[in-house]
Structure formats: C-alpha cells, structure tokens
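Chemist: Just dropping this structure here.
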Amino acid sequence: MSLFDVEIADGALGPVIVLSGEIDLAAAEVLDERIRAGLDAQASTVVVDLREVEFMDSSGLRLVLRLDHDVRERAGRLVVVRGGRRVARVMELTGADRQLETVDDPAEIQ
C-alpha cells in the first residue's frame, strides 16, 4: 500500500490535482513524474488540492512551488486548496502561503 497518491481530474476551470497521504522526498519525486505526465500543458488554471495530505515536508512544498512556477511561466494560474493543520504550518513557516494563491474550498475559485 502506498503512503501517497495523486489523482488528476477535469475541473470546471481546468485540471484538479488531488494529492493525498504523506508527501516527503521519495513521494515528491514520484508525484512530480505522475503530475507532469498527466497534466495538459495548455491548461490555464490548475488546482492543487491538499485537503487529503496528512504530512508534507519541504520536498512536497517544493513540488507545489515548482508547479506554480511552471504554470505561471506559460501565463497560467495555480490555485492551492489548503490542507490540514500540519500542511498549513509548513506553508506558513516558509511564507509559501503568501506566495501561492490559496483557498479553503474549491468552490471559492473563480
């Protein structure tokens, strides 16, 4: 059984990447490959949903920040659905919560 997973679904505004489980160094590398393989390069809005992530270290955060950078480079927009307390703490300590566009609920994204 894997300690992490990723699902990529079609959302109203573009792809929705749902991460779950524990996102550490080993997981981040695998997830990065899966996300890049399944992501439409033409998507203008990409949503990353962290609500099912139980743990995320700096490697997981780097994955999200790199994805944000890549989406912005092609004039797109990345929106992060905030995760639980442990994930929020990592984002707060690093300032990523101020750098990334974040929402509490996907319904808030317009």
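With the working numbering applied, the sequence shown corresponds to residues 7 to 116, in that order. Note that CB positions come from ideal geometry on N, CA and C, so glycine has one too.
#1: So is Gly-101 buried or exposed if we call it buried at 16+ other beta carbons inside 10 Å?
#2: Between the Cα of Leu-25 and the Cα atoms of Leu-56, Arg-42, Ala-43 and Arg-83, which residue gives the shortest distance?
#3: Just checking my contact of Asp-37 with Leu-69 at CB under 8 angstroms: how many whole Å lie between their CB atoms?
#4: Measuring only the C-alpha atoms, how far is Ala-34 from Val-53?
#5: So is Gly-44 buried or exposed if we call it buried at 16+ other beta carbons inside 10 Å?
Modeler: For this structure:
#1: Here Gly-101 is exposed, its C-beta having fewer than 16 other C-beta atoms within 10 Å.
#2: Nearest to Leu-25 by C-alpha distance, out of Leu-56, Arg-42, Ala-43 and Arg-83, is Leu-56.
#3: Checking the sequence shown, residue 37 turns out to be Leu, not Asp. In this structure, Leu-37 and Leu-69 form a Cβ contact; the two beta carbons are roughly 6 angstroms apart against a cut-off of 8 angstroms.
#4: Distance between the alpha carbons of Ala-34 and Val-53 is about 17 angstroms.
#5: With fewer than 16 Cβ atoms within 10 Å of its Cβ, Gly-44 is classed as exposed.
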